[in-house]
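Have a look at the structure below before the remarks.
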Amino acid sequence: MQDFVAIKGVDIELYDFMIGERKRQREGIELIPSENYVSSAVLEAMGSILTNKYSEGYPGKRYYGGQEYIDRVENLARQRAKELFGAEHVNVQPYSGSPANIAVMFGLLSYGDTIMGMRLDQGGHLTHGLGVNFSGKSYNVVSYGVRRDNGRIDMDEVRQIALQHRPKLVISGATAYPRLFDFEAFKTIADEVGAIAMADISHISGLVVAGVHPSPLPFTDVVTTTTHKTLRGPRSAIIMCKEQYAKDIDRAVFPGLQGGPHDHTTAAKAIAFKEAMKPEFKDYARQIVANAKALADELLACGFDLVSGGTDNHLVLVDLTHKGVIGKDAETALDKAGLTVNKNSVPYDTRSPFSPSGIRLGTPAATTRGMKEPEMRRVARWIERAISHPSDDARLAAIHDEVREMCAGFPVPGIG
Ligand code: DSN
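Each residue of the sequence shown is one higher than the one before, starting from 26 at the first, in my numbering.
Encoded structure:
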C-alpha cells in the first residue's frame, strides 16, 4: 500500500490530503467511466527515477545525451502498442488525450480546414470541434449527434453531413455514448468525401484490445487513445496511424507541440500494454461490459430513463429529467453516499452544461476491484435510494456505511 512516508516527512499538509484521497478511493465506489485504478507496477513506474530525464526527440535521434535506457523504454512501449492494437505506427509521447488529438489536426490539416466530429453535448469531446477549444477555434467545424428518438448515431445522417460539407477529417469517438461505434461505416464515409478517418477510442480502447468492441484498426487512418481509462494504464495517450501519416504526426508531437516526453509515463505505458496483452485482461474487459449491462438493467427496473435505453459498452448515461432531480444535485447526493459519478448533459438537454439533466456512470474501476453483477445491482438500488431523497443527509450517510462495508471486500490495487 502507498503510505507516502517521504511526503509525510517534508509536507504534512499535502500528506493529509493524500491520505484523505486514499481513504476516499478505498471506501467509495468509483463510477466515473473515464477513471480506473492502475496496477502497483504502473504506479511504481509513474513514481520512478525516470522522471529525472529529458529526452527531446525520438529513439536514436535525441537532442540530449544519456538516452541508452530511455531509448529502450520508448521502443518497448512503441513495439508493445503496435502489437496490442495491430498498428502500423505508434507515437507514445503525447502527454494526454487532448494534446494527442490536437497533434493529429496540427500535423495533418491546415488552419481553416473543415473537420467533422460528434457534438460535445451529444456525447463527443472538447477536441472534436467545440467552439472554445483549439479544434473549434482553428478549424471549420461541422458536427453530428444522435437521433432524438433512440439516442443512437444515424450513419445516414453522418453521411449526408459529410457529403454536404466535405470535411478533411472525419472523427469518430465519444465520451458519453453507450453504444458501439460503426468504425467501418465512418471510414467508408471518409473515403467517399476524400477525408482522413480518425477514431478517438479513449473511452473504449481496453474493450477494443480485448475484442469486446470492434476495432477501428487497421483500416482507420489515425487512431488516438488515452491510456488511463478502460485500458487501465497511466494518465497519458498515444497516437496510432498508417505509415503514410507517421512523419507528419511525429513532427506535430515533437517539436510541433511538445518538448521532452514524460519518460516515467512512457515506462508505465509499456507496463500497461503488457498487462493488457494477458488473457485475464480479456476477462476483465468482458466483465466491464457485463457489469455495465447489469447496472443499466437494474436502473431501468428502478424507473430510471437511460439514453438509448441501455448500454453496449462500459458506460450508462442516465436522464434524470423525469426523476425531478438535476445532475448536479444527484452528483452531490451520490458523493455523500460514497458513489462517485459525474453530472453530464444528455442529448437535446434543455439545461446548461454546468447544470445538466443527467449523470454518467461507468464500470471500469469497480470491475478492477473485482465487483460483478450482484454488486452492480446493489449500486443501482443505492443510486435509487440516494436520488429519491437527495437532501436527506442521514439517509445518504447510511448508504455510505453500506457502501463502505461492501468495499472492504474489494481491495483497490496499489491501496489495499
Ligand atoms: N475527461 C474525459 C472523460 O471524462 O470522458 C474526457 O477527456
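Glycine is no exception: its CB is placed at the ideal position from the N, C-alpha and C atoms.
N- and C-terminal bounds of the alpha helix (DSSP H) containing residue i
{"i": "residue 299", "result": "288–301"}
{"i": "residue 353", "result": "352–361"}
{"i": "residue 422", "result": "418–432"}
{"i": "residue 75", "result": "Premise fails: residue 75 is in no alpha helix (DSSP H) and is neither H nor E."}
{"i": "residue 213", "result": "208–218"}
{"i": "residue 133", "result": "122–133"}
{"i": "residue 114", "result": "Residue 114 -> not in any alpha helix (DSSP H); beta strand (DSSP E) instead, spanning 114–116."}
Range covered by the beta strand (DSSP E) that runs through residue i
{"i": "residue 197", "result": "194–197"}
{"i": "residue 140", "result": "139–143"}
{"i": "residue 265", "result": "262–266"}
{"i": "residue 169", "result": "165–169"}
{"i": "residue 344", "result": "340–344"}
{"i": "residue 386", "result": "383–387"}
{"i": "residue 221", "result": "221–225"}
{"i": "residue 367", "result": "367–369"}
{"i": "residue 247", "result": "247–251"}
Option in the options with minimal Cα separation from residue i
{"i": "residue 426", "options": "364, 78 and 100", "result": "364"}
{"i": "residue 261", "options": "120, 191 and 393", "result": "120"}
{"i": "residue 436", "options": "47, 137 and 250", "result": "47"}
{"i": "residue 281", "options": "164, 215, 72 and 82", "result": "82"}
{"i": "residue 195", "options": "126, 201 and 251", "result": "126"}
{"i": "residue 178", "options": "329, 144 and 190", "result": "144"}
{"i": "residue 174", "options": "327, 332 and 101", "result": "332"}
{"i": "residue 382", "options": "407, 273, 349 and 117", "result": "349"}
{"i": "residue 180", "options": "162, 203 and 207", "result": "207"}
{"i": "residue 219", "options": "362, 192 and 158", "result": "192"}
{"i": "residue 247", "options": "53, 197, 61 and 66", "result": "197"}
{"i": "residue 221", "options": "105, 275, 239 and 140", "result": "140"}
{"i": "residue 323", "options": "159, 404 and 91", "result": "404"}
{"i": "residue 130", "options": "270, 211, 411 and 100", "result": "270"}
{"i": "residue 176", "options": "319, 287 and 203", "result": "203"}
{"i": "residue 266", "options": "200, 250 and 279", "result": "250"}
Any non-hydrogen atom of the ligand GDP closer than 8 Å to residue i Cβ
{"i": "residue 112", "result": "Looking for the ligand GDP in the displayed structure turns up nothing; the ligands present are the ligand DSN."}
| field | Residues surrounding the ligand DSN [beta-carbon distance to nearest heavy atom under 6 Å] | value | 59, 122, 150 and 200
| field | Touching by the beta-carbon criterion (3+ pairs, under 8 Å), the stretch 380–390 and the stretch 335–349 | value | yes
| field | Inter-stretch contact at 8 Å, needing at least 3 Cβ pairs: the stretch 230–248 / the stretch 107–125 | value | yes
| query | Using 8 Å as the threshold, is the stretch 160–175 in touch with the stretch 310–317, meaning 3 or more CB pairs across them? | reply | no
| request: Pair every Cβ in the stretch 249–264 with every Cβ in the stretch 31–40, then say whether three or more of these pairs are closer than 8 Å. | output: no
| query | Does the stretch 366–373 come close enough to the stretch 287–301 to have 3 or more Cβ pairs within less than 8 Å? | reply | no
| said: Within 8 Å, do at least three Cβ pairs link the stretch 352–362 to the stretch 410–419? | reply: yes
| So does the stretch 296–304 actually touch the stretch 54–67, counting three or more Cβ pairs closer than 8 Å? | yes
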